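Written out below as structure tokens is the structure these notes cover.
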Amino acid sequence: MKEIRIAMNDELERKLGGRASELGLKLGEFLAEAIKRYADRLVRPKVWMPRESWDALVRGDNCPDCAHLASGENPHGYRITDLRVSRLDLMKNQFVPGCCVLYSHSHVVEPYHLSVEERVHYFEDLMRAVQTIAEVFRPIKLNYQILGNRGPHLHCHIQPRFYGDAEPGWPIDPYKEQVVLTRKEYEDRVRSIRKALEGKEGAV
Numbered sequence: 021m022k023e024i025r026i027a028m029n030d031e032l033e034r035k036l037g038g039r040a041s042e043l044g045l046k047l048g049e050f051l052a053e054a055i056k057r058y059a060d061r062l063v064r065p066k067v068w069m070p071r072e073s074w075d076a077l078v079r080g081d082n083c084p085d086c087a088h089l090a091s092g093e094n095p096h097g098y099r100i101t102d103l104r105v106s107r108l109d110l111m112k113n114q115f116v117p118g119c120c121v122l123y124s125h126s127h128v129v130e131p132y133h134l135s136v137e138e139r140v141h142y143f144e145d146l147m148r149a150v151q152t153i154a155e156v157f158r159p160i161k162l163n164y165q166i167l168g169n170r171g172p173h174l175h176c177h178i179q180p181r182f183y184g185d186a187e188p189g190w191p192i193d194p195y196k197e198q199v200v201l202t203r204k205e206y207e208d209r210v211r212s213i214r215k216a217l218e219g220k221e222g223a224v
């Protein structure tokens, strides 16, 4: 294992040292843990995919989300249910307990690309989904993220937030750590959300 020296001013050392003490760690241990935890962010690609590849995805050519919506096999999640104009999936990585994604059935990039009627239905679906997730997981807050910078197919990440979780006051990275459940645990979470959705208008 390689040793790395880090130079920092007194003020930064004081702040980081204080945080390390709160966690019962030495400063060096705290910094090593922080680097490991955030390594993925540090090495992420800093350039966009080739423009022609992006434009093809925008058109829907070989869109991964369209493919898994058609096949029912999402490599990143498990189907919970189809709503009026969308599908709700539980994410395989459950670092954020109850983290789900709501995918539009239609291939559009932005919500405003939907017809007015579909737009209303999509956000009604979203409200039904988040209300249900709140009932099942009892978070203190829910975060909503409509991103799509790597996959331009309308979808919304639904991330429950719990008191004491990572990054208070900031968006949480659902991929910060890999948390894989047992088959039964996934089935139980899917079943709980699906059951809570029953009777809510628009659930299929």
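So the number in our numbering is just where the residue sits in the sequence shown, counting from 1, plus 20. A virtual CB, placed ideally from N, CA and C, is assigned to each residue, including glycine. Here the structure is a predicted model, which is why all the values come from computation and not from measurement.
Contiguous beta strand (DSSP E) elements confined to the region 135-172 occur at 161-165, taking only those with 3 or more residues. Inter-residue distance for Lys220 and Leu122 is about 16 Å (C-alpha atoms, whole angstroms). Around the CB of Ser73, fewer than 16 other CB atoms lie within 10 Å, so the residue is classed as exposed.
In this structure, the CA atom of Gly118 is about 32 Å from the CA atom of Gly38. Straight across, the Cα-Cα distance linking Glu144 with Val156 is about 19 Å. In the DSSP assignment, Asp109 falls within the beta strand (DSSP E) that extends over 106-111. Of the other Cβ atoms in all chains shown, 16 or more fall within 10 Å of the Cβ of Tyr142; this residue is therefore buried. In the DSSP assignment, Gly97 falls within the beta strand (DSSP E) that extends over 97-102.
In the DSSP assignment, no residue is bridged to Tyr183.
Inter-segment contact for the region 100-118 and the region 174-190 is present: three or more beta-carbon pairs are separated by less than 8 Å. Under the three-state reduction of DSSP, Leu122 is assigned to strand. DSSP places Ile178 within a strand segment (E or B) once states are collapsed to three.
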